[in-house]
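Q:
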Amino acid sequence: MPTIESILKETRIFSPAKEFSSKANIPSFEAYQALCAEAEDDNLSFWAKRAQEQIAWHKPFTQVLNDRMAPFFQWFSDGELNVSYNCLDRHLETQADKVAIIFESDDGEIIRSTYHDLHQRVCKLANALKSQNINKGDRVVIYMPMRIEAVVAMQACARIGAIHSVVFGGFSAKSLHERIQDAGAVAVITADEQVRGGKRNPLKLIVDEALSKADTAFVRLVVVYQRTGADIRFDPARDVWWHEFTENAGLQCEPEWVGAEHPLFTLYTSGSTGKPKGVQHSSAGYLLGTKESMQWIFDYKPADVFWCTADVGWITGHSYVAYGPLAMGATQVIFEGIPTYPNAGRFWEIIQKHKVTTFYTAPTAIRSLIKLGADLPEQYELSSLRLLGSVGEPINPEAWMWFYEKVGRSRCPIVDTWWQTETGSHMIAPAPGAIALKPGSCTFPLPGISAAIVDEAGHDVENGKGGFLVIKKPFPSQIRTLWGDSERFKEAYFSKDIGCGKYYVSGDSAYRDIEGYFWIMGRTDDVLNVSGHRLGTMEIESALVAHPSVAEAAVVGKPHEIKGEAVIAFVVLKGQYPHAEEITQITHTLREWVAKEIGPIAKPDEIRFGENLPKTRSGKIMRRLLRSLAKGEEITQDVSTLENPAILEQLKYPEK
Ligand code: WT7
1 MPTIESILKE TRIFSPAKEF SSKANIPSFE AYQALCAEAE DDNLSFWAKR
51 AQEQIAWHKP FTQVLNDRMA PFFQWFSDGE LNVSYNCLDR HLETQADKVA
101 IIFESDDGEI IRSTYHDLHQ RVCKLANALK SQNINKGDRV VIYMPMRIEA
151 VVAMQACARI GAIHSVVFGG FSAKSLHERI QDAGAVAVIT ADEQVRGGKR
201 NPLKLIVDEA LSKADTAFVR LVVVYQRTGA DIRFDPARDV WWHEFTENAG
251 LQCEPEWVGA EHPLFTLYTS GSTGKPKGVQ HSSAGYLLGT KESMQWIFDY
301 KPADVFWCTA DVGWITGHSY VAYGPLAMGA TQVIFEGIPT YPNAGRFWEI
351 IQKHKVTTFY TAPTAIRSLI KLGADLPEQY ELSSLRLLGS VGEPINPEAW
401 MWFYEKVGRS RCPIVDTWWQ TETGSHMIAP APGAIALKPG SCTFPLPGIS
451 AAIVDEAGHD VENGKGGFLV IKKPFPSQIR TLWGDSERFK EAYFSKDIGC
501 GKYYVSGDSA YRDIEGYFWI MGRTDDVLNV SGHRLGTMEI ESALVAHPSV
551 AEAAVVGKPH EIKGEAVIAF VVLKGQYPHA EEITQITHTL REWVAKEIGP
601 IAKPDEIRFG ENLPKTRSGK IMRRLLRSLA KGEEITQDVS TLENPAILEQ
651 LKYPEK
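Here full-length UniProt numbering is used: the first residue of the sequence shown is 1, the next is one more, and so on.
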């Protein structure tokens, strides 16, 4: 995480090039300021005007914002629309034959799907789902590889008004079960297997395991896309093959017109308790946020070839794969594999081959590619690129400079985009034709987004001081509630502890420099950011203590060169402190256990065993101390309140 000192040392600044600005959607700092002023002046008219321009309404709205039930805000609530109509049908008259998706599989096969083709695929699946009585408001869990079919599944749900909940293919059967259960899903859409980096992941087998308990009996349909032809177990009462299921379905499917506030999807994310939160998004407000950011931040142009490398299992893959680019009528690349297979030049090869203009990826991918071949991009023709983007965690200035020079050849602005699952679309990010960039800063809020840094009382802190990052005014793409838990929604995001519950509290701390640039410093809660994935420490702790040999566990993060943060677990075993020879075995067992309980992404990088954990006399685990121990720092903090100071010695050194 950047410190205030490191931020202060960053003095490089990159002004937008004239060629870029002159064609940009927001062509100057003054133009950006004018938009901000317009929003400041009359926030509701600002958003109303954009909602009218950007969205094809079936029934126009008359009310812009309803805040009577704050913080349960409603936007454009008496309007009616269909998001899939906005992403597909809308383009059929003007550009049916434009390629919507250039798909490249793990093993290099390329499939192009036009708007016409995509529309037909979506209609067929939507009709097939309707024939099975899956209707508006029903929940559908999607557990799919990164392929055209994943987008088709999401769009088909949107078309019929079903609420999708995509679960990332790296989550375990147990995590999948928990999400299916919480959502009360009636159907699951999956594939026989997923293929990434030449390795197969048996998605259908995992779905079978997730559905093996009676408490998911409400799932009456499992649609299986055949990816590899692997032998799978088939339950004829419940399972159907995608190709058979859609074979005779009609090519036209009248969209289900829904209210603006109808939930488009829920997406589970980690918070500071053990249970994942089902973030619920709206239809119209969400769509508006993705469209505006496509234009303001990605400076979208019809000739662009857009490529966001995120998996549809995360919010980035929702907003900037499944919805935003399609809503704009863009051509985008979807890639099934990983950046390092068959070699570390795969990303650069794809950019070269498909003439990608806009490339959006994560700092962790950038760092790992630097390590595997810092000079590799030079071997590729990357002149099609005009804009680069970064998301998921703070990008360290060295990685920023490498991205800028080696990939963008010092010609392409980098948009460092700060946002969250809960905000639905970009919140703080540079309009690339308008704002001078500083490596490591996400710069300024989007027009209409009232981001601020405040102290506990909710007062703005002065530039140069760190504080809580909040958003003061409601905005269209914001989270509506947590699925089935509106109390937790209020506590988590409109906490009385910060600003008396008046503001959306992001959970991040941040700092503004002397010129007002925003710098994100990290989370203020017990949430880790590992390779751009959000992980709750409590979730990993409860997974660990669920193992029969674990008495107690505490999990903290530690800075990691590639992943951003690494997961360090401190574990107290039941019975004896393990012998040196036993430690390797039990470490392996517990890592695999966490992979089974949550998913491989949550595996602790390091496990340290102790006879106890450092606690205060009242029994509270002192995580601050654990964080210092994890980093290998000398303990300089006051340990006089510690019940058992001797424990620190034992936990100090990582066990081999
Ligand atoms: C958390 C949200 C938003 C899509 C991907 C992650 C961190 C995200 C940045 C950035 C610094 C960032 C924050 C945030 N984060 N983007 N550009 N600079 N930090 O979504 O899983 O909901 O995680 O990711 O800590 O709160 P998410």
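Virtual Cβ for every residue (Gly too), placed ideally from N, Cα, C.
Which class does LYS136 belong to by DSSP, given the choice of helix, strand or coil?
A: Position 136 of the sequence shown, counting from 1, holds the residue named residue 136. In this structure, LYS136 counts as coil in the three-state DSSP scheme.
Q: Less than 6 angstroms between C-beta atoms, sequence neighbours within five positions excluded: which residues of the same chain meet that for THR358?
A: Numbered from its first residue, the sequence shown carries residue 358 at position 358. Around THR358: PHE298, ASP304, PHE306 and LEU387.
Q: Evaluate contact between the region 469–483 and the region 278–285, counting only Cβ atoms and requiring at least three cross-stretch pairs below 8 angstroms.
A: Contact holds: three or more Cβ-Cβ distances are below 8 angstroms.
Q: Excluding the five sequence neighbours on either side, which residues of its own chain have a C-beta within less than 6 angstroms of the C-beta of ILE586, listed in chain order?
A: To locate residue 586, count along the sequence shown from 1; it is residue 586. So the list reads PRO578, once near-sequence residues are dropped.
Q: State yes or no: is the C-beta of PRO397 nearer than 8 angstroms to some heavy atom of ligand 1?
A: Along the sequence shown, read from residue 1 onward, the residue named residue 397 stands at position 397. For ligand 1, not one heavy atom lies less than 8 angstroms from the Cβ of PRO397.
Q: What separation, rounded to the nearest whole angstrom, lies between the Cα atoms of GLY448 and LYS23?
A: Residue mapping note: residue 448 aligns to position 448 of the sequence shown, counting from 1. Residue mapping note: residue 23 aligns to position 23 of the sequence shown, counting from 1. If I take the Cα positions, the gap works out to 23 angstroms.
Q: Have a look at ARG147, LYS502, TYR115 and LEU437 and flag the residue whose alpha-carbon is nearest the alpha-carbon of ASP455.
A: As a first step, residue 455 is located in the sequence shown; it is residue number 455 there, counting from the start. Comparing Cα-Cα distances from ASP455 to each of ARG147, LYS502, TYR115 and LEU437, the minimum goes to LYS502.
Q: Please confirm whether ILE520 and VAL594 have their CB atoms less than 9 angstroms apart.
A: For the purposes of this step, residue 520 is taken as the residue at position 520 of the sequence shown. For the purposes of this step, residue 594 is taken as the residue at position 594 of the sequence shown. Not closer than 9 angstroms, so no.
Q: Three or more C-beta pairs under 8 angstroms: does that hold for the region 282–302 against the region 424–442?
A: Yes: the two stretches touch, three or more of their Cβ pairs being nearer than 8 angstroms.
Q: Return the CA-CA distance between ALA50 and PRO445, expressed in angstroms with no decimal places.
A: Along the sequence shown, read from residue 1 onward, the residue named residue 50 stands at position 50. Along the sequence shown, read from residue 1 onward, the residue named residue 445 stands at position 445. Note that residue 50 is Arg in the sequence shown, not Ala. If I take the Cα positions, the gap works out to 17 angstroms.
Q: By Cβ distance, which residues of its chain are closer than 6 angstroms to PRO325, with the 5 residues on each side in sequence left out?
A: Numbered from its first residue, the sequence shown carries residue 325 at position 325. Taken in chain order, the residues that qualify are PHE306 and GLN332.
Q: Tell me whether SER506, by its Cβ, gets closer than 8 angstroms to a heavy atom of ligand 1.
A: Position 506 of the sequence shown, counted from the start, is the residue given in the question as residue 506. The answer is yes for SER506.
Q: From LYS406, TRP400 and MET427, pick the residue whose C-alpha is nearest to that of ILE414; which is it?
A: For the purposes of this step, residue 414 is taken as the residue at position 414 of the sequence shown. That would be TRP400, whose Cα lies nearest to the Cα of ILE414.
Q: Going by beta-carbon coordinates alone, are VAL567 and PRO604 separated by less than 9 angstroms?
A: The count along the sequence shown starts at 1 and reaches residue 567 at position 567. The count along the sequence shown starts at 1 and reaches residue 604 at position 604. In contact: VAL567 and PRO604 (Cβ atoms closer than 9 angstroms).
Q: Return the chain-ordered list of same chain residues with a C-beta closer than 6 angstroms to the C-beta of VAL195, the five sequence neighbours on each side being excluded.
A: By 1-based counting over the sequence shown, the position of residue 195 is 195. Counting only Cβ-Cβ distances below 6 angstroms, and skipping sequence neighbours, we find ASP106.
Q: Would you check whether ligand 1 has a heavy atom nearer than 8 angstroms to the C-beta of THR316?
A: Within the sequence shown, the letter at position 316 stands for residue 316. Checking every heavy atom of ligand 1 against the Cβ of THR316, one is found closer than 8 angstroms.
Q: Out of curiosity, what's the CA-to-CA distance linking THR94 and GLU292?
A: For the purposes of this step, residue 94 is taken as the residue at position 94 of the sequence shown. For the purposes of this step, residue 292 is taken as the residue at position 292 of the sequence shown. The alpha-carbon atoms of THR94 and GLU292 are separated by roughly 21 angstroms.
Q: What's the C-alpha gap between HIS354 and TYR404?
A: Here residue 354 refers to the residue found at position 354 of the sequence shown. Here residue 404 refers to the residue found at position 404 of the sequence shown. Approximately 20 angstroms, taken between the alpha carbons.
Q: Count the other CB atoms within 10 Å of the CB of GLY250; is the residue buried (16 or more) or exposed (fewer)?
A: What you label residue 250 is simply residue 250 of the sequence shown in a count that begins at 1. Exposed: under 16 other Cβ atoms inside 10 Å.
Q: The alpha helix (DSSP H) that contains GLN585, what's its start and end?
A: The sequence position of residue 585 within the sequence shown is 585, counting from 1. It spans 580–597 - the alpha helix (DSSP H) in which GLN585 sits, taken as one unbroken run.
Q: Tell me whether GLU515 is buried or exposed, calling it buried when 16 or more other Cβ atoms sit within 10 Å of its Cβ.
A: On the sequence shown, residue 515 is found 515 positions in, with the first residue counted as 1. Result: exposed.
Q: Helix, strand or coil for PHE379? Go by DSSP, reduced to three states.
A: Here the question's residue 379 lines up with position 379 in the sequence shown. It should be pointed out that residue 379 corresponds to Gln in this sequence rather than to Phe. Three-state result, GLN379: helix.
Q: So, PRO363 versus GLY317, is the Cβ gap smaller than 9 angstroms?
A: Within the sequence shown, numbered from 1, the residue matching residue 363 stands at position 363. Within the sequence shown, numbered from 1, the residue matching residue 317 stands at position 317. For PRO363 and GLY317, no; Cβs fall outside 9 angstroms.
Q: Distance, Cα to Cα, PHE29 vs ASP182?
A: Taking the first residue of the sequence shown as 1, we reach residue 29 at position 29. Taking the first residue of the sequence shown as 1, we reach residue 182 at position 182. Whole-angstrom Cα-Cα distance: 46 angstroms.
Q: For THR228 and LEU211, I'd like the C-alpha separation in whole angstroms.
A: Locating residue 228 in the sequence shown gives position 228, where the first residue counts as 1. Locating residue 211 in the sequence shown gives position 211, where the first residue counts as 1. Between THR228 and LEU211, the C-alpha separation is close to 22 angstroms.
Q: Is it buried or exposed for GLY464, if we count other Cβ within 10 angstroms and need 16 for buried?
A: Translated into the one-based positions of the sequence shown, residue 464 becomes position 464. With fewer than 16 Cβ atoms within 10 Å of its Cβ, GLY464 is classed as exposed.
Q: Check GLN194 in the structure and name its three-state DSSP category.
A: Counting from 1 along the sequence shown, the entry for residue 194 is found at position 194. Of the three classes helix, strand and coil, the one that applies to GLN194 here is strand, per DSSP.
Q: Count the other CB atoms within 10 Å of the CB of HIS459; is the residue buried (16 or more) or exposed (fewer)?
A: Stepping through the sequence shown from its first residue, residue 459 is reached at position 459. That one is exposed.
Q: Taking the alpha-carbon of VAL99 as reference, which of GLN132, PRO302 and ILE189 has the nearest alpha-carbon?
A: The sequence position of residue 99 within the sequence shown is 99, counting from 1. Answer by Cα proximity: PRO302.
Q: Could you pull out every unbroken beta strand (DSSP E) segment of at least 3 residues lying fully inside the region 291–341, listed in chain order?
A: Within the region 291–341, the complete beta strand (DSSP E) runs of at least 3 residues are 305–308 and 331–335.
Q: Specify the secondary structure class of MET401 as computed by DSSP and reduced to three states.
A: The residue you call residue 401 lines up with position 401 of the sequence shown. Three-state result, MET401: helix.
Q: To which residues of the same chain is THR62 closer than 6 angstroms at the C-beta, ignoring the five residues directly before and after it?
A: Counted from its first residue, the sequence shown places residue 62 at position 62. So the list reads ASP78, once near-sequence residues are dropped.
Q: Do CYS308 and TYR320 have their C-beta atoms closer together than 9 angstroms?
A: Working through the sequence shown from its first residue, we reach residue 308 at position 308. Working through the sequence shown from its first residue, we reach residue 320 at position 320. Cβ atoms of CYS308 and TYR320: closer than 9 angstroms.
Q: Taking the CB atoms as reference points, tell me whether residue 691 and ARG627 lie closer together than 9 angstroms.
A: Because the chain here runs from 1 to 656, residue 691 falls outside it and cannot be looked at.
Q: In terms of residues, what are the limits of the beta strand (DSSP E) holding ALA553?
A: As a first step, residue 553 is located in the sequence shown; it is residue number 553 there, counting from the start. ALA553 -> beta strand (DSSP E) spans 550–560.
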